[in-house]
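Asks:
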Amino acid sequence: KDKNTKQEFLLLRELLNESLLRDLIIFVIFYLFILAQSWKNIFLLLFPVITYAFSLFFRLINANKWRLSIYDNTITYNPLGLEKKHANRLIFTALLQLILLFWIGGESYYHPQLIQTYDFSINSEGFIFEIFL
């Protein structure tokens, strides 16, 4: 396969792989669980979406990197680091955010004071800060 083709666009079949589809399906399922809880603050719903968008950005860079590389090059230039590793970390972070939002939403049915003023996030950050001091 020729590494330096003159094609200026990335084909959809080159972009879609099973890890991207797996991550997309898991993200959509978890996000639907969060939407079913009917959160009133929309900014809480944006954090996982933005994190997932950054993950897609790094996946696009990783999928398109072979167009910029020379076939017999022993040194590779990675100005953003290993894009695949960044994408995997960001998708893990987005899924963790969704799980935490779902958990806090479930707990808020039994303890509504957790999300009335969002003291739970402030208290949990303070608690974690106190643990590591």
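Heads up, the working numbering is the position in the sequence shown plus 1, with the first residue counted as 1. Glycine is no exception: its CB is placed at the ideal position from the N, C-alpha and C atoms.
1. Label Phe-28 either buried or exposed according to how many other C-beta atoms from any shown protein chain fall within 10 Å of its C-beta, with 16 as the threshold for buried.
2. Could you say which of Leu-102, Leu-91, Ala-54, Leu-21 lies nearest to Asn-42 if we only look at CA atoms?
3. Shortest alpha-carbon distance to Leu-36 belongs to which of Phe-59, Arg-90, Gly-107?
4. By Cβ distance below 6 Å, which residues in the same chain neighbour Phe-59 in space, the five residues on each side in sequence not counted?
5. Is Leu-13 near Pro-49, with beta carbons less than 7 Å apart?
6. What's the call for Tyr-32, buried or exposed, on a 16-neighbour Cβ count within 10 Å?
7. Applying the criterion that 16 or more other CB atoms from any shown protein chain within 10 Å of the CB defines a buried residue, is Leu-47 buried or exposed?
8. Nearest by alpha-carbon distance to Asn-18: which of Ser-39, Ile-30, Thr-52, Asn-63 is it?
9. Can you tell me whether Tyr-110 is buried or exposed, with buried defined as 16 or more other CB within 10 angstroms of its CB?
10. Report buried or exposed for Ser-20, applying the criterion of at least 16 other Cβ atoms within 10 angstroms of its Cβ.
11. Just to check my reading of the structure: Ser-56 and Leu-91 have Cβ atoms closer than 8 Å, yes? What is that Cβ distance to the nearest angstrom?
Replies: On the basis of the data shown:
1. buried
2. Leu-102
3. Comparing Cα-Cα distances from Leu-36 to each of Phe-59, Arg-90, Gly-107, the minimum goes to Gly-107.
4. Glu-84, His-87, Ala-88
5. no
6. buried
7. exposed
8. Taking only the C-alpha atoms, the option nearest Asn-18 is Asn-63.
9. Result: exposed.
10. Exposure of Ser-20 is indicated by the presence of fewer than 16 other C-beta atoms within 10 angstroms of its C-beta.
11. That belief holds up - the Cβ atoms of Ser-56 and Leu-91 are roughly 4 Å apart, short of 8 Å.
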